[in-house]
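Some notes on the structure that comes next.
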Amino acid sequence: MRLDLIRTTIAAAALTCLLTLTGCQPVPREAYAPVIETPPLFAPRHLGYSVLGKPIELYTVGYGPEKVLVLAAIHGNEIAGISLAKRLVDRLKILDHLHSQYTVMVLPIVNPDGVAVGSRFNANGIDLNRNFPAANRINSMSFGLQSLTEPESQILHDLIVAQEPDRIISIHQPLNCLDYDGPGEGIVNVMATYCPLPVNKLGSRSGSLGSFCGVENNIPIVTMELTEADSNLSAAELWDLYGFAVLSAITYPNLPF
Ligand SMILES: [Zn+2]
């Protein structure tokens, strides 16, 4: 027995020496602790950069054939949509029964330079939601001397052209309503049953995202106008008010459960 014990001890010491000499240290026990990483599926992707070099991040959840784009803060002083959009990403991650049916693309901040200073406009003083190529657009100093003069509107335009979403939800403030362009009436009627915002057709604004997507390209687009006071709400409170309405737009005409 003692001889076996000595042999085992010598063998273990020899193995340790060999591993040390070859640079391979025995793996300490703690290395087996579970490592939790963000799945690549949910990692944000930088689509490009704002005028002042801030990244514009796209979150994609799911891989299904129905594509839905949700975006917020194309006007930098309308910040409630940022919290709501980020909360949406977190909720979608755990609603895994939706992943095989829907690809949901979320842009929580289209206009990061405007958000940084609380301005509706981007760093060049352009209203990005008037900078799109639509028949009703007006060239001007605040709408752009032509369409897509701004990197932020180019990025959003290119994403829509490349991905061809089936529906778009654009979150704004403070007009307290559900507006739509293109064939989006059915969507807002369902959304209105799940949130306090009434349906109100505001009319297509010149060179807006709604005009470009809904009127020019027949993509249903909802302009979700939250209230002014919603800027003071937490993400959880915003989700309680509007979360199910957004989910119902994503899964329209189906219900999200
Ligand atoms: Zn707005």
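Here our numbering is used: position 256 in the sequence shown is 1441, and no number is missing along the way. Cβ atoms here follow ideal geometry from the backbone N, Cα and C, with glycine treated the same way.
Under the three-pair Cβ rule at 8 Å, the stretch 1226-1236 does not count as touching the stretch 1379-1388. Cβ-Cβ separation between residue 1316 and residue 1335: approximately 6 Å, consistent with a contact (criterion under 8 Å).
Between the alpha carbons of residue 1390 and residue 1265 lies a gap of roughly 22 Å. Short note on residue 1358: C-beta closer than 8 Å to some heavy atom of ligand 1. If you draw a straight line from the Cα of residue 1367 to the Cα of residue 1320, it comes to about 14 Å. Looking from the CA of residue 1328, the closest CA among 1414, 1341, 1311 belongs to 1311. Secondary structure of residue 1309 (DSSP, three-state): coil. Under DSSP, residue 1290 forms a beta bridge with 1245, 1254. If you check the C-beta of residue 1314 against ligand 1, you find a heavy atom less than 8 Å away.
For residue 1325, DSSP records a beta bridge to 1329. Bounds of the beta strand (DSSP E) holding residue 1355 are 1352-1357.
Of the heavy atoms belonging to ligand 1, at least one sits nearer than 8 Å to the Cβ of residue 1263. Proximity to residue 1255 across 1271, 1240, 1441, 1307 peaks at 1271, based on C-alpha coordinates.
Classified as buried, residue 1241 has 16 or more neighbouring CB atoms from the shown chains inside 10 Å of its CB. Residue 1233 sits in a strand when the DSSP states are folded into three classes. Of the residues assessed, residue 1282 falls on the exposed side of the cut-off, its CB having fewer than 16 other CB atoms within 10 angstroms. The criterion of a C-beta distance shorter than 9 Å is satisfied by residue 1406 and residue 1353. Take residue 1369, set aside five residues on each side of it, and the residues of its chain with a beta-carbon closer than 8 Å to its own are 1352, 1399, 1405, 1406, 1407, in chain order. With a beta-carbon spacing of about 4 Å, residue 1296 and residue 1261 fall inside the 8 Å limit used to define contacts. Between residue 1298 and residue 1325, the alpha-carbon positions lie close to 20 Å from each other.
Between residue 1358 and residue 1425, the CB-CB gap reaches or exceeds 9 Å. For residue 1406, the secondary structure class from DSSP, reduced to helix, strand or coil, is strand. When rounded, the separation of the alpha-carbon atoms in residue 1245 and residue 1276 is 12 Å. By the criterion of a C-beta distance shorter than 6 Å, residue 1257 is surrounded in its chain by 1266, 1267, 1270, 1293, 1356, once the five residues flanking it on both sides are discounted.
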